[in-house]
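Peer 1: Add 417 to a position in the sequence shown, counting from 1, and you land on the number used in this note's numbering. Each residue gets a CB set at the ideal place from its N, CA and C atoms; glycine is no exception. Before I ask anything, let me first share the structure, which is written out below as structure tokens.
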Amino acid sequence: MISFLIFLGVFLFMECVTWLTHKYIMHGFMWYFHADHHQPKYEHTFERNDIFFVIFATPSILLFYFGVEGGFNYLFFIACGITLYGACYFLIHDVLIHQRFKWFKNTKNKYLVGLRKAHKIHHKHLNKEKGECFGMLFVPLKYYKM
Numbered sequence: 418m419i420s421f422l423i424f425l426g427v428f429l430f431m432e433c434v435t436w437l438t439h440k441y442i443m444h445g446f447m448w449y450f451h452a453d454h455h456q457p458k459y460e461h462t463f464e465r466n467d468i469f470f471v472i473f474a475t476p477s478i479l480l481f482y483f484g485v486e487g488g489f490n491y492l493f494f495i496a497c498g499i500t501l502y503g504a505c506y507f508l509i510h511d512v513l514i515h516q517r518f519k520w521f522k523n524t525k526n527k528y529l530v531g532l533r534k535a536h537k538i539h540h541k542h543l544n545k546e547k548g549e550c551f552g553m554l555f556v557p558l559k560y561y562k563m
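Here you go:
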């Protein structure tokens, strides 16, 4: 039971980490890597912004290693929470919102449509200033009512 609570707690906590990282790091001192992501039509398969997948995967990989080495201890379940959040982030951000893969093209689900609207508001700003909606899985309720 404690393992599941660690996993769930880390998964939920990752939304806070995402919000803070997106606002203060991606739209801050690492804007160089994130800037191409805010351009209307990116011509290449990969963006400089994709470096963040590697950056965020590294702690998870290390936690998996040390969690398994330690006999499937709490580090393993922390890694599971981070990894599931990363998979959800990929599905929401890259697949649903930016349509890098055309899997959920015509969804009518209110939650998913709300996420898409909030992210669209985020991307209306092409520079690093004046951004809003930095989270990914939990956005203000007003976007579900629009």
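Go ahead and label residue 433 buried or exposed: buried means 16 or more other beta carbons lie within 10 angstroms of its beta carbon, across all protein chains shown.
Peer 2: Here the question's residue 433 lines up with position 16 in the sequence shown. Label assigned to residue 433: exposed.
Peer 1: Quick one, which of 542, 561, 559 and 533 has its alpha-carbon nearest residue 553's?
Peer 2: Locating residue 553 in the sequence shown gives position 136, where the first residue counts as 1. Answer by Cα proximity: 533.
Peer 1: Evaluate residue 513 with the Cβ neighbour count: other Cβ atoms within 10 Å of its Cβ, from every protein chain shown; 16 or more gives buried, anything less gives exposed.
Peer 2: Within the sequence shown, numbered from 1, the residue matching residue 513 stands at position 96. Flag for residue 513 reads buried.
Peer 1: In whole angstroms, give me the CA-to-CA distance for residue 543 and residue 456.
Peer 2: Here residue 543 is taken as the residue at index 126 of the sequence shown, counted from 1. Here residue 456 is taken as the residue at index 39 of the sequence shown, counted from 1. Using only the alpha carbons, I get a separation of about 6 Å.
Peer 1: Cα-Cα, which of 437, 422, 515 and 423 is closest to residue 549?
Peer 2: To locate residue 549, count along the sequence shown from 1; it is residue 132. The shortest Cα separation from residue 549 among 437, 422, 515 and 423 belongs to 437.
Peer 1: Hey, would you say residue 502 sits closer than 8 Å to residue 424, going by beta carbons?
Peer 2: Working through the sequence shown from its first residue, we reach residue 502 at position 85. Working through the sequence shown from its first residue, we reach residue 424 at position 7. In this structure, residue 424 does not lie closer than 8 Å to residue 502 by Cβ.
Peer 1: According to DSSP, is residue 559 helix, strand or coil?
Peer 2: Along the sequence shown, one-based indexing puts residue 559 at 142. Looking at residue 559 - three-state DSSP - the assignment turns out to be helix.
Peer 1: Are the CB atoms of residue 496 and residue 477 within a distance shorter than 8 Å?
Peer 2: Counting from one through the sequence shown, the residue named residue 477 turns up at place 60. Counting from one through the sequence shown, the residue named residue 496 turns up at place 79. Yes.
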